[in-house]
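Participant: Let me give you the structure first, and then I'll get to my questions.
Protein chains: 2
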Amino acid sequence: MDLITVADVEAAAERIVDTAVRTPLLPCDWADPDRPLWNKPESLQPIGAFKVRGAANAIARIPEAERARGVVAYSSGNHAQAVAYVAKRFAIPAVIVVPENAPAVKVEATRAHGAEVVLVPINDREVVAERLVAERGATLIPPFDHPDVIAGQGTIGLEIAADLPDVELVLVPVSGGGLASGVATAIKARCPAARVIGVEPELAGDAAASLAAGRLVRWPAGDRERTSADGLRAQPSELTFAHLQKLLDGIVTVSEDEIREAVALLAHRAHLVAEPSGAVTTAAYLHRAADLPRGRTVAVVSGGNVDPADLAGMLAV
Amino acid sequence: MDLITVADVEAAAERIVDTAVRTPLLPCDWADPDRPLWNKPESLQPIGAFKVRGAANAIARIPEAERARGVVAYSSGNHAQAVAYVAKRFAIPAVIVVPENAPAVKVEATRAHGAEVVLVPINDREVVAERLVAERGATLIPPFDHPDVIAGQGTIGLEIAADLPDVELVLVPVSGGGLASGVATAIKARCPAARVIGVEPELAGDAAASLAAGRLVRWPAGDRERTSADGLRAQPSELTFAHLQKLLDGIVTVSEDEIREAVALLAHRAHLVAEPSGAVTTAAYLHRAADLPRGRTVAVVSGGNVDPADLAGMLAV
Chain P
1 MDLITVADVE AAAERIVDTA VRTPLLPCDW ADPDRPLWNK PESLQPIGAF KVRGAANAIA
61 RIPEAERARG VVAYSSGNHA QAVAYVAKRF AIPAVIVVPE NAPAVKVEAT RAHGAEVVLV
121 PINDREVVAE RLVAERGATL IPPFDHPDVI AGQGTIGLEI AADLPDVELV LVPVSGGGLA
181 SGVATAIKAR CPAARVIGVE PELAGDAAAS LAAGRLVRWP AGDRERTSAD GLRAQPSELT
241 FAHLQKLLDG IVTVSEDEIR EAVALLAHRA HLVAEPSGAV TTAAYLHRAA DLPRGRTVAV
301 VSGGNVDPAD LAGMLAV
Chain S
1001 MDLITVADVE AAAERIVDTA VRTPLLPCDW ADPDRPLWNK PESLQPIGAF KVRGAANAIA
1061 RIPEAERARG VVAYSSGNHA QAVAYVAKRF AIPAVIVVPE NAPAVKVEAT RAHGAEVVLV
1121 PINDREVVAE RLVAERGATL IPPFDHPDVI AGQGTIGLEI AADLPDVELV LVPVSGGGLA
1181 SGVATAIKAR CPAARVIGVE PELAGDAAAS LAAGRLVRWP AGDRERTSAD GLRAQPSELT
1241 FAHLQKLLDG IVTVSEDEIR EAVALLAHRA HLVAEPSGAV TTAAYLHRAA DLPRGRTVAV
1301 VSGGNVDPAD LAGMLAV
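Protein chains in written order, with the numbering used here: chain P, 1 to 317; chain S, 1001 to 1317.
So, in structure tokens, the structure goes:
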């Protein structure tokens, strides 16, 4: 299987420069001095998550005549909002296929970016999206299983390497694996001595199980949905798993309590609102020190879209 | 009275490059399209506030032999932590004179940066600080009434001008006036068409009263202490007031309810934890539109050091 290269990521960086924010590395003055820590706050992207990078690269790559016919995505989460946001920037139509049971607030957020929302029974999402693609001549933008999406997410790794060339460890959340695949591609090319370690919730630890088994191990969706980290309930594709197998130096899992504690710590000490999915790397830094190499560490804080009531609950003291 | 110049700010930018974070401008996708809004999140600086910029410039400017004898500051807030943090980076001693009634958590945070903390009755702070300076040959770093401190804070303005050269309005909190003086110096030099408007809490609106009167109007400390924006309870000095008179295009005040609402909005929509003092510019954007020019707007979010229980209270839904 063909993996993406750092050249793909470099090309993506040029394409997304006007759409995604160039996020800084934020030094954490409360970190263990033996393991200095920087946060990479992707929660500060326009739609509150790194997904805008992959969507921007994938949409920029569509030939112009085709692009005018619009894009389609199926998702109820950050990817939907990212595709809607980027489509608005390109002034092209976007249709987002959303399961009927998605929270009203997420549907509203997607509509607020000017996208058309099609509500369907959850099992019909893929079929309806494909029908829309066929009917309209639009292009499907998948959430992670596509080289252009992976390359877009990888721009995070290029920025880390530019800002902290002697980084020793990068912690990155793993769900569908697009983010981890892209970041690891860039880091391994630019900082070959650095380790890249994935982080998953224990309750959605299918990628950890897959890497241990040396092949894709599937967990039932009902199992993966137990985690509060709703951005980490997907599972790798053949394409992303091939990247993870080749590029990751390991993967650790964290508990729900550790994730909640990390959300609170990021708010109080780093002044960042992270969603549970975005806080897993901080949880790993705090609670998996024995399993991690020491040295200069970057934690990718992948997103900040947490329900206000849930956030207030996690910050209650 | 000699005001600082943009050349002073440019020199400061070179001095602080390794100490302060180069914060990005964050586009707000929920803003009024007629008044596109970007946040300048100084809450993401190492000690959680812009104060690290002024402290870094002032300490870098001390001749090396003197600097080795250390620095002194009197403050219980962000300035104390900024001086402690920068002194640690320079490997020099720092003594912070703190009122006995300061919250234990702030005293602890200052000690955590390696500073010596001297607790004194609140009215003795200045006298004790001056005695320490005399005894130790250390240098006093004032919170705002000093050209080097003002020039350091002004680096925020240079960054805004570099990232958004066609900015039309900059909103900046006003307390002692060091931040507003520095930012306005840089913006007026680089973007002469842009307006710079200060924001104060109604309950500590002494600078607004002073600008209206054309002279420094003093409010009793007991009055200024009514606002929850504990970073905005100081009042301008002759030096900062001279800058504000010459450079500000206006000043608006916001209510306590508007500040609380802005803290919640910044958390939920911008994924930033702001302290009340840092949220006043967002409050002004939301509630003083009639008093503000339209067009591309930057809100300086000056800090994020809010008590965890207070934050949870403001985010409760």
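Glycine is no exception: its CB is placed at the ideal position from the N, C-alpha and C atoms. Being a predicted model, the structure only gives us computed values, none of them experimental.
Find the residues of chain S that neighbour T281/P, judging by a C-beta separation of less than 7 angstroms, and give them in chain order.
Facilitator: Simply none; closest approach about 16 angstroms.
Participant: Should Y285/P be flagged as near chain S, meaning a C-beta pair shorter than 8 angstroms?
Facilitator: For Y285/P, the answer is no, since every Cβ of chain S falls outside 8 angstroms of its Cβ.
Participant: Using only alpha-carbon positions, find the residue among G198/P, L311/P, G152/P that is nearest to S228/P.
Facilitator: Ranking the options by Cα distance to S228/P, first place goes to L311/P.
Participant: Which residues does DSSP list as the beta-bridge partners of W318/P?
Facilitator: The structure shown does not extend to residue 318/P, since chain P spans only 1 to 317, so no value can be given for it.
Participant: In terms of residue numbering, what span does the beta strand (DSSP E) encompassing V1097/S cover?
Facilitator: Unbroken beta strand (DSSP E) run through V1097/S: 1094-1099.
Participant: What are the boundary residues of the beta strand (DSSP E) that V1117/S is part of?
Facilitator: Unbroken beta strand (DSSP E) run through V1117/S: 1116-1120.
Participant: Sort out for me which residues DSSP pairs T1253/S with in a bridge.
Facilitator: Note: T1253/S sits in a beta bridge opposite E1200/S.
Participant: Should G48/P be labelled buried (16 or more other beta-carbon atoms within 10 Å of its own) or exposed?
Facilitator: Flag for G48/P reads buried.
Participant: For Y1285/S and L203/P, what's the separation of their Cα atoms in angstroms?
Facilitator: Using only the alpha carbons, I get a separation of about 42 angstroms.
Participant: Taking 8 angstroms as the cut-off, does the region 134-144 of chain P touch the region 114-121 of chain P (at least 3 CB pairs, one atom from each stretch)?
Facilitator: Output reads no: the region 134-144 of chain P does not touch the region 114-121 of chain P.
Participant: Buried or exposed for M972/S, going by 16 or more other Cβ atoms inside 10 Å?
Facilitator: Residue 972/S cannot be examined here, being either before or after the span of chain S that is shown, 1001 to 1317.
Participant: Using 8 angstroms as the threshold, is the region 268-280 of chain P in touch with the region 237-247 of chain P, meaning 3 or more CB pairs across them?
Facilitator: Touching, no.
Participant: Can V1196/S and V1217/S be called in contact, C-beta distance under 8 angstroms?
Facilitator: Not in contact: V1196/S and V1217/S (Cβ atoms no closer than 8 angstroms).
Participant: Give the secondary structure of L1211/S by DSSP, where H, G and I count as helix, E and B as strand, and everything else as coil.
Facilitator: Looking at L1211/S - three-state DSSP - the assignment turns out to be helix.
Participant: Here's a check: name, in chain order, each residue in its chain whose Cβ is nearer than 6 angstroms to the Cβ of V254/P, leaving out the five neighbours to either side.
Facilitator: Only V280, A283, A284 meet the Cβ criterion.
Participant: When you compare the CB positions of T297/P and I4/P, do they come within less than 8 angstroms of one another, or not?
Facilitator: No.
Participant: Just grab the DSSP bridge partners of T139/P for me.
Facilitator: Answer is V71/P, bridged to T139/P.
Participant: Run through the region 131-193 of chain P for me and flag every whole beta strand (DSSP E) of 3 or more residues, listed as ranges in chain order.
Facilitator: The region 131-193 of chain P contains these whole beta strand (DSSP E) runs: 169-173.
Participant: Within the chosen definition, does the region 1141-1157 of chain S reach the region 1175-1195 of chain S through at least 3 CB pairs nearer than 8 angstroms?
Facilitator: Contact between the region 1141-1157 of chain S and the region 1175-1195 of chain S is present, because at least three Cβ pairs lie under 8 angstroms.
Participant: Near R1233/S, what residues of its chain come up, given a Cβ to Cβ distance below 8 angstroms and the 5 sequence neighbours on each side ignored?
Facilitator: Same-chain partners within the cutoff: S1175, A1204, A1221, R1224, E1225, T1227.
Participant: Name, going along the chain, the residues of the region 261-273 of chain P whose beta-carbon falls closer than 9 angstroms to a beta-carbon of chain S.
Facilitator: Within the region 261-273 of chain P, the qualifying residues are A264, L266, A267, H268, R269, A270, H271, L272, V273.
Participant: Please report the distance separating the alpha-carbon of D257/P from that of P276/P.
Facilitator: So the two alpha carbons sit approximately 10 angstroms from each other.
Participant: What's the gap between the Cα of P99/P and the Cα of K88/P?
Facilitator: Whole-angstrom Cα-Cα distance: 22 angstroms.
Participant: In terms of alpha-carbon separation, which member of D230/P, E200/P, N305/P, G177/P lies closest to A242/P?
Facilitator: Measuring from the Cα of A242/P, the nearest candidate turns out to be G177/P.
Participant: Taking a contact to mean a Cβ-Cβ separation below 8 angstroms, would you say V1317/S touches D1291/S in this structure?
Facilitator: No, Cβ-Cβ distance for V1317/S and D1291/S is not below 8 angstroms.
Participant: Tell me the DSSP bridge mates of L1272/S?
Facilitator: Its beta-bridge partners are L272/P.
Participant: Report yes or no: is there a C-beta of chain S within less than 8 angstroms of the C-beta of I92/P?
Facilitator: For I92/P, the answer is no, since every Cβ of chain S falls outside 8 angstroms of its Cβ.
Participant: Skipping 5 residues on each side, what residues in its chain have a beta carbon closer than 7 angstroms to that of V1107/S?
Facilitator: Closer than 7 angstroms at Cβ, skipping near neighbours: V1098, V1117.
Participant: Assign G303/P to one of three DSSP states: helix, strand, or coil.
Facilitator: Looking at G303/P - three-state DSSP - the assignment turns out to be strand.
Participant: DSSP three-state label for A102/P, please.
Facilitator: Of the three classes helix, strand and coil, the one that applies to A102/P here is coil, per DSSP.
Participant: In the DSSP assignment, find the alpha helix (DSSP H) that holds M1314/S and state where it starts and stops.
Facilitator: Segment 1308-1315, the alpha helix (DSSP H) holding M1314/S.
Participant: Of the residues that make up the region 132-149 of chain P, which ones have a beta carbon closer than 9 angstroms to any beta carbon in chain S?
Facilitator: Going along the region 132-149 of chain P in chain order, one finds no residue with a Cβ nearer than 9 angstroms to chain S.
Participant: Once you ignore the five residues that flank T1019/S on each side, which residues in its own chain have a CB closer than 7 angstroms to its CB?
Facilitator: Answer for T1019/S: V1052, A1056, V1086, R1089, listed in chain order.
Participant: For the alpha helix (DSSP H) holding F1241/S, just list the boundary residues, first then last.
Facilitator: Looking at the DSSP string, the run of the alpha helix (DSSP H) that includes F1241/S is 1238-1247.
Participant: At a Cβ threshold of 8 angstroms, is D1029/S touching chain P?
Facilitator: With 8 angstroms as the cut-off, D1029/S counts as an interface residue toward chain P.
Participant: Check whether the Cβ atoms of A91/P and T110/P sit closer than 8 angstroms, and answer yes or no.
Facilitator: It is not a contact, given that the beta carbons lie outside the stated cut-off.
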